[in-house]
Structures are given as structure tokens and as C-alpha cells.
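Chemist:
Residue numbers (the working numbering): 16 to 208.
1) If you reduce the DSSP assignment to three classes, tell me which class residue 131 lands in.
2) Excluding the five sequence neighbours on either side, which residues of its own chain have a C-beta within less than 7 Å of the C-beta of residue 44, listed in chain order?
3) Residue 20: buried (16+ other C-beta within 10 angstroms of its C-beta) or exposed?
4) Could you please give the first and the last residue of the uninterrupted alpha helix (DSSP H) stretch that includes residue 105?
5) For residue 203, I'd like the list of residues in its chain whose CB is within less than 8 Å of its CB, leaving aside the five on either flank, ordered along the chain.
6) Can you tell me whether residue 166 is buried or exposed, with buried defined as 16 or more other CB within 10 angstroms of its CB?
7) What does the alpha-carbon distance come out to for the pair residue 82 and residue 34?
8) In chain order, which beta strand (DSSP E) runs of at least 3 residues are fully inside the segment 144-184?
9) Assign residue 81 to one of three DSSP states: helix, strand, or coil.
10) Express the C-alpha separation of residue 192 and residue 32 in angstroms, rounding to a whole number.
11) Alpha carbon to alpha carbon, how far is residue 139 from residue 50?
12) Roughly how many whole angstroms lie between the Cα atoms of residue 18 and residue 52?
13) Based on DSSP bridge pairs, tell me the residues matched to residue 27.
14) Go ahead and label residue 56 buried or exposed: buried means 16 or more other beta carbons lie within 10 angstroms of its beta carbon, across all protein chains shown.
15) Please return the same chain residues whose Cβ sits closer than 6 Å to the Cβ of residue 126, not counting the five positions on each side in sequence.
16) Kindly list the residues whose CB is nearer than 7 Å to the CB of residue 42, restricted to its own chain and excluding five residues on each side of it in sequence; keep chain order.
17) Could you give the DSSP three-state label for residue 43: helix, strand or coil?
18) For the beta strand (DSSP E) containing residue 19, name the first residue and the last one.
Right under this line is the structure:
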């Protein structure tokens, strides 16, 4: 059972680009880990490639530090989605293996196009909720409608541009840690598929 008691099982950070949330997710993980809590899931690392228009996407497994490359190399002039679905599924299996009774938070790097279309990390989010593990996820505005259909009342939404301060302040603003008054809000019901 998680030591965290957020207002809802899922905390969604709304953003224009999920790279805006990468720093926030890393700050949250570092703060909670230093406080003795166990985080699972992934932090996204974008790695520039010379002579390429787009970065390679790596997911760093929070539990093990292992990096999983989720970008297909389709050449220097490739356009469109370069997501390697096989590697994304491997990453999900690694995160599922790290979920357990001692996990305090699952971090999902983003609810991207694949999740908006019904795949990707959606089953991992559901697994975490079923195990009473709170979830922190970046949700780009372009996927907000699909996100809201998926998460329903299970999520609170917070815009990334409203977050500021050190790790403890950000964790409090996200509702992951109680504010200084120590009051806790009631959890929201129901996850719809």
C-alpha cells in the first residue's frame, strides 16, 4: 500500500509538450526517493542525434536505471511516428515487474498518441490503480479528449505551468504530499476504459 494519498488515484500534468514535464517528473522522483518512498515507471530522456531532425527517445527505468530505446531508426529523412512498439511493450513489462505492495508511485512519461489510440501504457496504468498505486502521468493537450474518456473521474489535472518551487513544493502542488495543514482530500471514484 502506497504511503502517498493523492486527491485522486491519477495525477495528470497537462502540457503542450511532454518534454515540459520531464524535469518535473525527475524532481518528483528524486524528492520522493530521498524521503524513502519507492517509485516505479519511467523518466523520458531525449537524445539528440547528429544530422537527424528528431531526437531518439529513451525511457529510463526508475527501478533499475536501465534505458529502453523506444525510437525506430528509419534514417535521417524519416518523418512521422518513429515509435518502436515492441520496445514500448518491453518497457511496460519491466514497469509491471517493478509494481508491487511496496510501490508508492508509478510514473508514466506520457499519455501519448499510442495511449490515445487505446494501446501503449494504458494497461500499466490500470494495473497500478488495481494495486492501489497512485500514478503520475504527463498528458499533452493534443490527447486531452482521449485522456478524459480513459481516466474519467479517477484523475486530477494540473497544468505544468502552475508548478513551481523545490521538490517538496511541487509534490504538494501535485497533491502527492499533504500541504502544511495536513488535510487530505477524498479519493475520486471509477476508471472507465
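Backbone N, C-alpha and C define an ideal beta-carbon position, used for all residues, glycine too.
Model, not experiment: these values are computed from the prediction.
Modeler: From the atom records:
1) In the chain shown, counting from the first residue as 1, residue 131 sits at position 116. Helix at residue 131.
2) As a working note, residue 44 is residue 29 in the chain shown. The answer, listed in chain order, is 54, 58, 77 and 122.
3) Taking the chain shown and counting its residues from 1, one reaches residue 20 at position 5. That one is exposed.
4) Sequence index remark: in the chain shown, residue 105 carries index 90 (1-based). 100-113 is the span of the alpha helix (DSSP H), which, as asked, contains residue 105.
5) Within the chain shown, numbered from 1, the residue matching residue 203 stands at position 188. Residue placement at residue 203 cannot be trusted, given a pLDDT of 32 that sits under 50; the coordinates are not used to answer.
6) As a first step, residue 166 is located in the chain shown; it is residue number 151 there, counting from the start. Buried, because 16 or more other Cβ atoms sit within 10 Å of the Cβ of residue 166.
7) Position 67 of the chain shown holds residue 82. Position 19 of the chain shown holds residue 34. Distance between the alpha carbons of residue 82 and residue 34 is about 17 Å.
8) 150-155 and 170-174
9) Position 66 of the chain shown holds residue 81. Of the three classes helix, strand and coil, the one that applies to residue 81 here is coil, per DSSP.
10) Walking along the chain shown from the start, residue 32 turns up at place 17. Walking along the chain shown from the start, residue 192 turns up at place 177. If you take the alpha carbons of residue 32 and residue 192, they lie about 25 Å apart.
11) To locate residue 139, count along the chain shown from 1; it is residue 124. To locate residue 50, count along the chain shown from 1; it is residue 35. In a straight line, the C-alpha of residue 139 is about 25 Å away from that of residue 50.
12) Here residue 18 refers to the residue found at position 3 of the chain shown. Here residue 52 refers to the residue found at position 37 of the chain shown. Between residue 18 and residue 52, the C-alpha separation is close to 7 Å.
13) For this step, residue 27 is matched to residue 12 along the chain shown. 152 and 172, per the DSSP bridge assignment.
14) Within the chain shown, the letter at position 41 stands for residue 56. Result: buried.
15) One-based indexing of the chain shown puts residue 126 at position 111. Excluding sequence neighbours, residue 126 sits near 152, 154, 158 and 162.
16) Counting from one through the chain shown, the residue named residue 42 turns up at place 27. Cβ within range, chain order: 182 and 185.
17) Numbered from its first residue, the chain shown carries residue 43 at position 28. It is helical.
18) Counting from 1 along the chain shown, the entry for residue 19 is found at position 4. Counting along the chain, residue 19 falls outside any beta strand (DSSP E), and DSSP gives it neither H nor E.
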